[in-house]
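Numbering (the numbering used here), first residue to last: 658 to 1290.
Just so you know, even glycine gets a beta-carbon here, dropped at the ideal spot from N, CA and C.
A short write-up of the structure that comes next.
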RNA sequence: GCCACCAUGGCUCAGCUGGUAGAGCAGCGCAUUCGUAAUGCGCGGGUCAAGGGUUCGAGUCCCUUUGGUGGCUCCA
């Protein structure tokens, strides 16, 4: 007998050699039915794994991440099996579970068509119906290689496994795949699934390799869960900033400027208030503001290292006989400003902000609404400082970013990126900079993900990622520590010893790109922005024409207080005007008729809560102003 | 840039196996003066993304280009 400690701390005795599924059944039939995998001492295992020694055991269902991944992984194998049955010549690459389902990469002579997808789905249904048992086995390397000799990608994978690693396979019916597992005990366990999309993907994610065909899918234990998931995706699409931006007349992108967005009057209101907020908050924190040119000579970009490391993304032009490049970053301009004068250590840190418009030639396939564009405004700042000021300055920026995101109610996650292949500077400087950043993060008790080799070419960085409506994350804020540019541009300051010293610089953005931030903002609020940012904060709706004079009076009173207000005095029914204002997502509608005109009242309707009844105009003004001033969400 | 898919009036979309463009919303006009999510009637609007080809005939088939969508790569 062995002793099993369950998740709730209970201990049970079972016969050695019982499988996880057996143990689950011993606990309850219901649990056994929904069990998809087991976590033994923290490692996710197949349900059919025999347990032979004392351990902690957690029975996983689809509701846990480990359970879901097991479920999806098996779904992915079922898909691969279906593809193999229908197209025996297709070679298999890899097929993991991901956050929202699974995919499998195939190397196929002929690209898959939507009709093929249907055929694959049908075959998958058949495999599920066959309810094939899944078995796991391991092989020594030479036998493993022999088994997969017709699958070149699998051969490559096996050859790259470390010497001592166990090479495991999973077999269901006639289909066997190299796989670490775990898996469901049989194909019949997969209930509702759907193949979602077809995409190209490079083998091992490198554009130097062959492009494979990737099929994405998802699966759920119940049809209703799948339907719910698909419904959620539909709902999320309604919040797409590209759709809302056009509908609400905020911004748009035309064919005439791929990747170059236009901001419309209402979008500009939003944008200007964001920038005002930004300026005020930066001023409070000792930042100065500058504006540097969009184009500078190529010489400068050679010196900064941008030309060598970033030229694929840069636009350049010839003016007279000189060559210029359009700035893809603001730093060289900022550096020239710093260099204008000799600096004392007493003047440091120097924090210099710039809302700088940069242009980057992004690959056409990468463009995505306002999220990924070819020109955008960075809410940039460069901080020049002494080495012993690094930590405080980095922490200051972390706090600033945190406060900004809180203002909008955004949740975010943090990543630390280290030295990339293409980069400048010595290992020592990189080491020092990277350590400084991770220390600042630890000091603030911030959890972060390490992103090896993903830093800027001049230094490591801390990135802040925000989510869009369908859960994709986008980098917004970033803090980059740079000891290289000061070297290249021979920046210096005079220390207390009267000697020249090399300053360190931080490149940082809070919004990241104003455009991208506005896109996230649009999706986050589904276009219903907080009052302080709403392009129109209140809309006055008259019942009939004779109320227009009072309406104009109300409008003037609101405008005097700086409230952005519109008047709808059209000869339309009130229901119609309300409907329009609601669709425009105006926070407050003021309905004005006889009663209001006589009493000097306004009948307030909020887009969130509906009819709020009549109140004196002054009371409404007070209410909306307090919401605006507190930046209420 | 690569892979797949898509492109019809301002917007959302019909248009079967090729036979000379259709709806709703929006817009405009007229009537209606009406209290919390669509008043009625009428009118105008499309070289079917662009270019080329097949055909007696192409929105529908083929090729090229442009733009978009979802991925891959890359990135704020």
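Straight-line gap, residue i to residue j (C-alpha atoms, nearest Å)
i: residue 1070; j: residue 1232; result: 43 Å
i: residue 788; j: residue 829; result: 9 Å
i: residue 743; j: residue 802; result: 24 Å
i: residue 687; j: residue 694; result: 14 Å
i: residue 1239; j: residue 1259; result: 17 Å
i: residue 726; j: residue 904; result: 38 Å
i: residue 1257; j: residue 1246; result: 16 Å
i: residue 753; j: residue 860; result: 14 Å
i: residue 1093; j: residue 1187; result: 37 Å
i: residue 769; j: residue 855; result: 8 Å
i: residue 1207; j: residue 1254; result: 6 Å
i: residue 993; j: residue 1042; result: 16 Å
i: residue 1164; j: residue 1176; result: 23 Å
i: residue 1181; j: residue 1144; result: 41 Å
i: residue 870; j: residue 751; result: 11 Å
i: residue 774; j: residue 852; result: 7 Å
i: residue 1220; j: residue 1190; result: 11 Å
i: residue 835; j: residue 825; result: 6 Å
i: residue 606; j: residue 1023; result: Missing from the structure shown is residue 606; the chain here goes from 658 to 1290 and no further.
i: residue 1061; j: residue 932; result: 12 Å
i: residue 962; j: residue 896; result: 40 Å
i: residue 1010; j: residue 946; result: 5 Å
i: residue 1275; j: residue 924; result: 29 Å
i: residue 1291; j: residue 1216; result: Absent from the model: residue 1291. The displayed extent of the chain is 658 to 1290, so no value can be given.
i: residue 671; j: residue 822; result: 30 Å
i: residue 1273; j: residue 1198; result: 16 Å
i: residue 1123; j: residue 1057; result: 16 Å
i: residue 738; j: residue 761; result: 11 Å
i: residue 1213; j: residue 1241; result: 22 Å
i: residue 837; j: residue 815; result: 11 Å
From the options, residue whose alpha carbon lies closest to that of residue i
i: residue 746; options: 686, 807, 755 and 701; result: 807
i: residue 1147; options: 830, 1258, 1161 and 1136; result: 1161
i: residue 1110; options: 1074, 934, 872 and 1221; result: 1074
i: residue 1063; options: 928, 1082, 1014 and 1121; result: 1121
i: residue 1052; options: 1095, 1025, 1023 and 1085; result: 1095
i: residue 929; options: 1192, 1113 and 873; result: 1192
i: residue 1195; options: 1210, 1211 and 1222; result: 1222
i: residue 950; options: 1038, 897 and 1015; result: 1015
i: residue 731; options: 1152, 877 and 1078; result: 877
i: residue 1183; options: 901, 771 and 1252; result: 901
Close Cβ partners of residue i (< 6 Å) along its chain, the five nearest in sequence each way excluded
i: residue 673; result: 659 and 709
i: residue 711; result: 659 and 660
i: residue 867; result: 860
i: residue 981; result: 952, 954 and 974
i: residue 707; result: 674 and 676
i: residue 702; result: 695 and 839
i: residue 857; result: 868
Cross-strand partners of residue i (DSSP beta bridge)
i: residue 946; result: 1010
i: residue 707; result: 676
i: residue 876; result: 850
i: residue 1113; result: 1116
i: residue 762; result: 871
i: residue 1261; result: 1247 and 1270
i: residue 1165; result: 1038 and 1136
i: residue 843; result: 790
i: residue 1001; result: 1151
i: residue 605; result: The shown model of the chain, from 658 to 1290, leaves out residue 605, and the question about it has no answer.
i: residue 1130; result: 1124
i: residue 855; result: 872
i: residue 660; result: 670
i: residue 697; result: 700 and 714
Own chain residues within Cβ distance below 7 Å of residue i, not counting five before or after
i: residue 678; result: 689, 692, 704, 705 and 842
i: residue 1172; result: 918, 1027, 1030, 1033 and 1034
i: residue 682; result: 689
i: residue 1166; result: 1035, 1036, 1037, 1134 and 1135
i: residue 948; result: 1011
i: residue 735; result: 781, 784, 785, 844 and 847
i: residue 809; result: 748
Go through the stretch 1006-1081 residue by residue and report every complete run of the beta strand (DSSP E) that reaches 3 residues or more, in order.
1007-1016, 1032-1042 and 1069-1074
What ranges does the alpha helix (DSSP H) occupy inside the stretch 1189-1244, keeping only unbroken runs of at least 4 residues that lie completely in it?
Listed in chain order, the alpha helix (DSSP H) runs fully inside the stretch 1189-1244 are 1205-1217 and 1231-1240, counting runs of at least 4 residues.
Mind pulling the beta strand (DSSP E) runs of 3 or more residues that sit fully within the stretch 797-832?
824-829
Ignoring anything shorter than 3 residues, give me the beta strand (DSSP E) runs that lie fully in the stretch 714-771, in order along the chain.
758-764
Complete alpha helix (DSSP H) runs within the stretch 891-964 (minimum length 4 residues, chain order):
898-904, 922-941 and 955-961
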